[in-house]
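Per the working numbering, the very first residue in the sequence shown carries number 37; after that it's consecutive.
Don't be surprised by glycine CBs; every beta carbon is placed ideally from N, CA and C.
Owing to the predicted nature of the structure, the values given are computational and were not obtained by experimental measurement.
Everything on this sheet refers to the single structure shown next.
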Amino acid sequence: MTSPTRAAHLAQLNVATLRHPLDDPRVAPFVEMLDPVNAAADAAPGFVWRLVEEGAADATGLRPAGEDVIVNLSVWETQEALWDFAYRSGHLEAMRRRREWFERHVEAHLVLWWVPAGHLPTVAEALERLADLREQGPSPRAFTFASSYTAAEAAPHEPATS
37 MTSPTRAAHL
47 AQLNVATLRH
57 PLDDPRVAPF
67 VEMLDPVNAA
77 ADAAPGFVWR
87 LVEEGAADAT
97 GLRPAGEDVI
107 VNLSVWETQE
117 ALWDFAYRSG
127 HLEAMRRRRE
137 WFERHVEAHL
147 VLWWVPAGHL
157 PTVAEALERL
167 ADLREQGPSP
177 RAFTFASSYT
187 AAEAAPHEPA
197 TS
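Structure (structure tokens):
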């Protein structure tokens, strides 16, 4: 008899260091993209959840990684769904222009990891995964698109949940 496979979703954290404050005119094109890109994410196939600051439409006001660092934390049904949104939607235009608004990172700024379906990761959990990736490199606990693991590969490395 085989053991049942738990349903898993893919969590992602992306951090970006602003070149200028969000209210600076040089960042205005990015700020103008926020609502349409977030709406596209919300409507994208496979989208589950994204972090939003209480009373706001996005998470740009949250600064858990530093005063000049914005965070994007979301959950997707599959890695393919996240990839399609990131690289095959209007989000791609923001990525193409990121150097206008954000510093070039010298260490990992994106981390992916599997969570049980229904679990919404906390910012602290996400930052811990990013630190793990930066310190240990890619593993089933913290990886990137270029060095990914399946949910089945990650499961033995995660604590059991009840």
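| THR38 - DSSP class collapsed to helix/strand/coil | Confidence at THR38 is low in this model, with a pLDDT of 46, below 50, so its placement is unreliable and the value that follows should be read with caution. Three-state DSSP puts THR38 in coil, outside helix and strand.
| said: Just verifying my parser: in three-state terms, what is the DSSP assignment at SER198? | reply: Interpretation of SER198 is limited by its pLDDT of 41, a score under 50 that renders its predicted location unreliable; the figure taken from the coordinates is listed afterwards. Coil, per DSSP.
| request: Hey, could you find the ends of the beta strand (DSSP E) HIS127 is sitting in? | output: HIS127 -> not in any beta strand (DSSP E); alpha helix (DSSP H) instead, spanning 127-132.
| message | I need the straight-line Cα distance from LEU166 to HIS145, nearest angstrom please. | response | 7 angstroms
| said: Taking the alpha helix (DSSP H) that LEU148 belongs to, which residues open and close that run? | reply: Not the alpha helix (DSSP H): LEU148 falls in the beta strand (DSSP E), residues 146-152.
| Alpha carbon to alpha carbon, what distance is there between ALA190 and LEU87? | 23 angstroms
| So what's TRP55 in DSSP terms, helix, strand or just coil? | Reading off the sequence shown, one finds Arg at residue 55, where the question assumed Trp. It is coil, neither helix nor strand.
| query | LEU109 and VAL159 look like a contact to me (Cβ under 8 angstroms); what is the Cβ gap, rounded to whole Å? | reply | 6 angstroms
| said: If distances are taken between C-alpha atoms only, which option among VAL151, LEU163 and PRO65 comes closest to ARG135? | reply: PRO65
| Where the alpha helix (DSSP H) containing ARG124 begins and where it ends | Run containing ARG124: none; DSSP gives neither H nor E here.
| Coil, strand or helix - VAL67 by DSSP | In the structure shown, VAL67 sits in a helix (DSSP, three-state: H, G or I).
| What's the C-alpha gap between SER125 and GLU113? | 17 angstroms
| query | DSSP state of VAL84, grouped into three classes? | reply | strand
| Beta-carbon proximity of VAL51 to LEU58, cut-off 8 angstroms | no
| request: Answer yes or no: do LEU54 and ASP94 have a C-beta to C-beta separation smaller than 8 angstroms? | output: no
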